[in-house]
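Student:
Residue numbers (the working numbering): 81 to 738.
1) With DSSP run on the structure shown, which of helix, strand or coil describes residue 506?
2) Going by DSSP, which residues form a beta bridge with residue 393?
3) Given a cut-off of 8 Å, decide if residue 481 and residue 504 are closer than it, judged by their beta-carbon atoms.
4) For residue 484, which residues does DSSP report across the bridge?
5) Grouping DSSP H, G and I as helix and E and B as strand, with all else coil, what is residue 658?
6) Rounding to the nearest angstrom, what Cα-Cα distance links residue 689 and residue 649 in this structure?
7) Can you have a look at residue 188 and say buried or exposed, based on whether 16 or more other CB atoms are within 10 angstroms of its CB?
8) Have a look at residue 353 and residue 346 and give me their C-alpha separation to the nearest angstrom.
9) Going by the DSSP bridge assignment, what does residue 576 pair with across the sheet?
10) Nearest to residue 242 by alpha carbon, out of 149, 141, 441 and 174?
11) Give a yes or no on whether the C-beta atoms belonging to residue 433 and residue 306 are separated by under 8 Å.
12) Determine whether the beta carbon atoms of residue 529 and residue 682 lie at a separation below 8 Å.
13) Expressed to the nearest angstrom, what Euclidean distance is found between the alpha-carbon atoms of residue 355 and residue 652?
14) Report, in whole angstroms, the separation of the C-beta atoms of residue 329 and residue 336, which I expect to be a contact under 8 Å.
15) Taking only three categories from DSSP, how would you classify residue 713?
16) What are the start and end residues of each continuous alpha helix (DSSP H) run of 4 or more residues lying completely inside the stretch 254-314, in chain order?
17) Taking only three categories from DSSP, how would you classify residue 470?
18) Where residue 392 and residue 139 are concerned, what is the direct C-alpha to C-alpha distance, given to the nearest angstrom?
19) Near residue 309, which residues of its chain fall below 6 Å by C-beta distance, leaving aside the five closest residues on each side in sequence?
20) Using the Cβ count rule (16 or more neighbours within 10 Å means buried), how would you classify residue 538?
21) To the nearest angstrom, how far is it from the Cα of residue 378 to the Cα of residue 339?
22) Using the Cβ count rule (16 or more neighbours within 10 Å means buried), how would you classify residue 641?
23) Tell me the DSSP secondary structure of residue 114 in three-state form.
24) Should residue 410 and residue 253 be called a contact, given that it needs their Cβ atoms to be closer than 8 Å?
25) Quick check: what's the CA-CA separation for residue 296 versus residue 199?
26) Should residue 125 go down as buried or exposed, given a rule of 16 or more other Cβ atoms within 10 Å for buried?
27) Between residue 239 and the rest of its own chain, which residues show a CB-CB distance below 6 Å, the 5 nearest in sequence each way excluded?
28) Along the alpha helix (DSSP H) that carries residue 544, what are the first and last residues, could you check?
29) Determine the extent of the alpha helix (DSSP H) in which residue 238 is found, giving its start and end residues.
30) Count the other CB atoms, across all protein chains shown, that sit within 10 Å of the CB of residue 218; report buried if there are 16 or more and exposed otherwise.
31) Residue 798 and residue 531 look like a contact to me (Cβ under 8 Å); what is the Cβ gap, rounded to whole Å?
32) Please classify residue 108: does DSSP put it in a helix, a strand, or coil?
33) Between which two residues does the beta strand (DSSP E) carrying residue 557 extend?
34) What first and last residue would you give for the alpha helix (DSSP H) that runs through residue 732?
35) For residue 516, name the three-state secondary structure that DSSP assigns.
36) With contact counted as at least three CB pairs below 8 Å, one residue from each stretch, are the stretch 217-237 and the stretch 383-392 in contact?
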C-alpha cells in the first residue's frame with residue numbers, strides 16, 4: 081500500500097474498521113450549524129431565472145385561492161337566495177338553483193385547472209434548478225484540491241448529490257408553491273370571512289393564535305432533529321460506501337460482527353434523529369386538525385348564539401342580521417382558513433430539512449478551489465533556425481512558454497524532464513513535518529527509485545511533484561522553472577502517473593486507454609497496449625478493444641486492470657513518468673513481461689519509481705532510501721550494496737519493509 085494512505089497526518093483511506101470519530105462519525109452527528117439567512121437568499125437566486133413561469137404559477141395560485149373562497153361564499157348565497165325561498169314555496173322551481181350549482185361547479189373546475197398548470201410548471205422549474213445545482217457542484221468539485229477528497233469520504237460527497245439535492249427538489253416543487261399558495265389563500269379567505277362576519281372572524285383569530293403557540297413549541301424541536309437527520313444520513317452513506325469498497329477485507333479478516341456493530345451504531349443515531357423528527361412532526365398534524373375541529377364547533381355555537389340572540393352582524397359590507405347562509409359560508413371559510421395553516425405547519429419541518437441540505441450543498445460550493453498562480457504554459461513547438469517557436473501542429477516536441485509581461489514578449493524552454501528538489505520540507509498539517517530537507521536531482525532520461533517503509537515519504541514526494549500539495553519550504557524545479565510558476569494543468573499534462581490503485585471508467589477498453597490522450601488514434605492506443613503487453617489479453621475479450629467495462633473494470637483481474645492503466649499512461653507519451661507500485665498487483669511472470677514494456681516506455685524519459693520489490697529498481701540510475709521523511713542513503717544498486725547499509729539489509733533479507 082502506498083505511503084500516502086498510511087500517513088497518520090492524513091485522513092485514512094476507507095477501511096472496514098472505523099472508530100466513528102472521523103468528520104462524519106457518530107460523535108459529529110449531533111452537531112449542526114445554524115441555518116443562515118444567506119442560505120435562503122442564495123437558494124432563491126436559483127429560482128429567479130424562471131420568473132416568467134413563476135408569474136404564471138402565482139396567477140394560478142391566486143385563481144385557485146379566489147375560486148376556493150368564492151365557492152365557500154357561494155354556498156351562503158345558495159342557502160339564503162335559493163334553498164330557503166324554495167322551502168317556503170308550494171311549487172318550487174329548481175332552475176335557478178341548478179344554475180347556481182353549475183356556477184359553483186365551474187369555479188371548482190377553474191381551481192382544478194389552475195392547480196394542474198401550477199404543478200406542471202413547478203415540476204419543470206424544480207428539475208431545472210436541481211440540474212443547475214448538480215452542474216455547479218460537479219464543476220466546482222473538479223476544481224477542489226486533493227486534500228478535500230482525502231478528508232471527506234466518497235459517501236459523504238455523494239450525499240450532496242442525492243439526499244441534499246432531493247430535499248431541494250421537494251422544497252422547490254412542493255414546499256415553496258404550497259407556502260405561497262397558503263399565504264395567498266389565507267389573505268383571500270380572511271377578507272372573505274370579514275365580509276361575512278367580523279365577530280366570527282375575531283373568534284378564528286383567537287383560535288389561530290392558540291394554535292400557532294402550540295405549533296411553535298413542537299415545530300422548533302422537530303426542525304432541529306430534521307437538520308440532524310441530514311448530517312447523520314450523510315455519515316451513514318459514507319460508512320456504507322466504505323464497507324462496499326472494503327467488503328473483501330471485511331470477509332478475509334472476519335470483521336463482519338465489528339462492521340455490523342459500527343453500522344448499527346450509526347444507523348441507531350439516524351433512527352433516533354428521524355424518529356424524534358417524525359414523531360414531533362406527526363404530532364403537529366393531529367394537534368392542529370383537532371384544534372381546527374374544536375374551533376369549528378366553537379364557531380357553530382357562537383354563530384348560532386349570535387343569530388338566535390339577534391345580535392347585529394358586522395361585516396365589510398355593513399351591518400345586518402346574521403343569516404343561516406352566512407353562518408354556513410363562514411364555517412366553510414373557517415375550514416379553508418385552517419387548511420393552509422395546517423399545510424404551512426407541515427411544511428416547516430421540510431423547509432428546515434431543505435435548508436439544512438442547501439447549507440451542506442453551499443458548504444461544498446464554498447470550499448476553496450485549488451489555487452494556481454502559475455503562468456508558464458506547455459505548448460507544442462518546433463525548431464526554426466535553432467530557435468524554438470510555437471506550433472499548432474503535432475510535432476512531438478514540447479516547450480514551456482514564458483510570458484514576459486513587462487517586455488510584452490515570450491520565450492520558450494524545451495521540455496526535457498529535468499526535475500530538482502532542493503531542501504524541501506513538507507507536512508500535511510502545519511504542526512507536523514513529514515518530509516525533512518529533501519534534496520534530489522533527476523536528470524532527463526534518468527530512472528530514480530524510492531525505497532523505504534510505508535510512511536517514509538515516498539508517495540508524498542511524487543504528490544509534491546504533481547502539486548497535489550504545495551511545499552512548506554524549499555524549491556522544486558522542472559527544467560529549471562519553479563513549479564509554482566507552471567500552471568497546474570500544464571504541469572500535470574507533462575507527467576504520466578501509474579498508481580497502485582487502478583481506476584477504470586465505464587466505457588470501452590479503447591476509451592479507457594485513450595483517457596490519457598483524448599486525441600489519440602486507435603492505432604496509437606493499440607501500440608500503447610502492445611508496449612504494456614496488454615494487447616494479447618485485450619484481443620481475447622468478447623469485443624476486443626470495444627469491450628465495455630463497468631464497475632471499475634470488475635470483470636478483469638487486478639493484473640489486467642493494471643496493464644490497461646499502464647497502456648493509458650503510455651499513450652499519453654509524457655516526458656516524466658511516476659510509477660507508484662505500478663507492478664505490485666501483477667504476478668511475477670506477468671511482471672517480467674510488463675517490465676520489458678516498461679523499460680521501453682521509460683527510454684528517454686525521467687522516471688520516478690516507488691516499489692517494494694527491489695527487483696524492479698535494480699536497474700535504476702539512482703536509488704533513494706527514505707526513512708521517516710529523510711533520505712538516508714542514495715546511489716546505484718551496486719553502490720548501495722557496497723555500502724552495506726539499510727538497502728543492503730533489505731536486499732539480502734536481513735531487514736524487511738513494513
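Note that beta-carbon positions come from the ideal geometry of N, C-alpha and C, so glycine has one too.
Tutor: Per the coordinate set shown:
1) On the chain shown, residue 506 is found 426 positions in, with the first residue counted as 1. Reduced to three states, the DSSP call for residue 506 is strand.
2) Residue mapping note: residue 393 aligns to position 313 of the chain shown, counting from 1. In the DSSP output, where bridge partners are listed per residue, residue 393 has 400.
3) Here residue 504 is taken as the residue at index 424 of the chain shown, counted from 1. Here residue 481 is taken as the residue at index 401 of the chain shown, counted from 1. No, the Cβ-Cβ distance between residue 504 and residue 481 is not below 8 Å.
4) One-based indexing of the chain shown puts residue 484 at position 404. DSSP output for residue 484 lists 489 as bridge partner(s).
5) The residue you call residue 658 lines up with position 578 of the chain shown. Strand.
6) Taking the chain shown and counting its residues from 1, one reaches residue 689 at position 609. Taking the chain shown and counting its residues from 1, one reaches residue 649 at position 569. Going by the C-alpha atoms only, they are around 14 Å apart.
7) Here residue 188 refers to the residue found at position 108 when the chain shown is read from its first residue. By the 10 Å Cβ count, residue 188 comes out exposed.
8) Counting from 1 along the chain shown, the entry for residue 353 is found at position 273. Counting from 1 along the chain shown, the entry for residue 346 is found at position 266. About 11 Å.
9) Translated into the one-based positions of the chain shown, residue 576 becomes position 496. Its beta-bridge partners are 657.
10) Against the chain shown, residue 242 aligns to sequence position 162. The shortest Cα separation from residue 242 among 149, 141, 441 and 174 belongs to 441.
11) To locate residue 433, count along the chain shown from 1; it is residue 353. To locate residue 306, count along the chain shown from 1; it is residue 226. Cβ distance < 8 Å, so residue 433 and residue 306 count as in contact.
12) The residue labelled residue 529 in the question sits at position 449 within the chain shown. The residue labelled residue 682 in the question sits at position 602 within the chain shown. Result no, Cβ atoms of residue 529 and residue 682 do not sit closer than 8 Å.
13) Position 275 of the chain shown, counted from the first residue, corresponds to residue 355. Position 572 of the chain shown, counted from the first residue, corresponds to residue 652. Answer to the nearest angstrom: the Cα atoms are 54 Å apart.
14) Stepping through the chain shown from its first residue, residue 329 is reached at position 249. Stepping through the chain shown from its first residue, residue 336 is reached at position 256. Going by Cβ atoms, the distance from residue 329 to residue 336 rounds to 11 Å, so no, they are not a contact pair.
15) On the chain shown, residue 713 is found 633 positions in, with the first residue counted as 1. In this structure, residue 713 counts as strand in the three-state DSSP scheme.
16) 256-276
17) Translated into the one-based positions of the chain shown, residue 470 becomes position 390. Here residue 470 sits in strand by DSSP.
18) Here residue 392 is taken as the residue at index 312 of the chain shown, counted from 1. Here residue 139 is taken as the residue at index 59 of the chain shown, counted from 1. Cα to Cα, residue 392 sits roughly 37 Å from residue 139.
19) Looking up residue 309 in the chain shown gives position 229. Only 353, 354 and 357 meet the Cβ criterion.
20) Mapped onto the chain shown, residue 538 falls at position 458. Residue 538 is buried by the Cβ-count criterion.
21) Taking the chain shown and counting its residues from 1, the one referred to as residue 378 is at position 298. Taking the chain shown and counting its residues from 1, the one referred to as residue 339 is at position 259. Using only the alpha carbons, I get a separation of about 58 Å.
22) The residue given as residue 641 occupies position 561 in the chain shown. Classification of residue 641: buried, given that the 10 Å Cβ count is 16 or more.
23) On the chain shown, position 34 is the one that residue 114 refers to. Interpretation of residue 114 is limited by its pLDDT of 49, a score under 50 that renders its predicted location unreliable; no figure is taken from the coordinates.
24) Taking the first residue of the chain shown as 1, we reach residue 410 at position 330. Taking the first residue of the chain shown as 1, we reach residue 253 at position 173. Result no, Cβ atoms of residue 410 and residue 253 do not sit closer than 8 Å.
25) What you label residue 296 is simply residue 216 of the chain shown in a count that begins at 1. What you label residue 199 is simply residue 119 of the chain shown in a count that begins at 1. Their Cα atoms are separated by approximately 29 Å.
26) Reading the chain shown from its first residue, position 45 is the one you call residue 125. Classification for residue 125: exposed.
27) Position 159 of the chain shown, counted from the start, is the residue given in the question as residue 239. Counting only Cβ-Cβ distances below 6 Å, and skipping sequence neighbours, we find 314 and 317.
28) Within the chain shown, numbered from 1, the residue matching residue 544 stands at position 464. Unbroken alpha helix (DSSP H) run through residue 544: 538-545.
29) Position 158 of the chain shown, counted from the first residue, corresponds to residue 238. From DSSP, the alpha helix (DSSP H) with residue 238 extends over 234-239.
30) Along the chain shown, read from residue 1 onward, the residue named residue 218 stands at position 138. Exposed, by the Cβ-count rule.
31) Absent from the structure is residue 798, since the part of the chain shown begins at 81 and ends at 738.
32) As a working mapping, residue 108 is identified with position 28 in the chain shown. In this prediction, residue 108 has a pLDDT of 35, which is less than 50 and means its spatial position is unreliable; nothing more can be read from the coordinates.
33) The residue given as residue 557 occupies position 477 in the chain shown. Counting along the chain, the beta strand (DSSP E) containing residue 557 begins and ends at 553-558.
34) Residue 732 sits at position 652 when you count from the first residue of the chain shown. Taken as a continuous stretch (DSSP letters only), the alpha helix (DSSP H) holding residue 732 covers 726-732.
35) Your numbering for residue 516 matches position 436 in the chain shown. If DSSP states are grouped into helix, strand and coil, residue 516 belongs with the strands.
36) no
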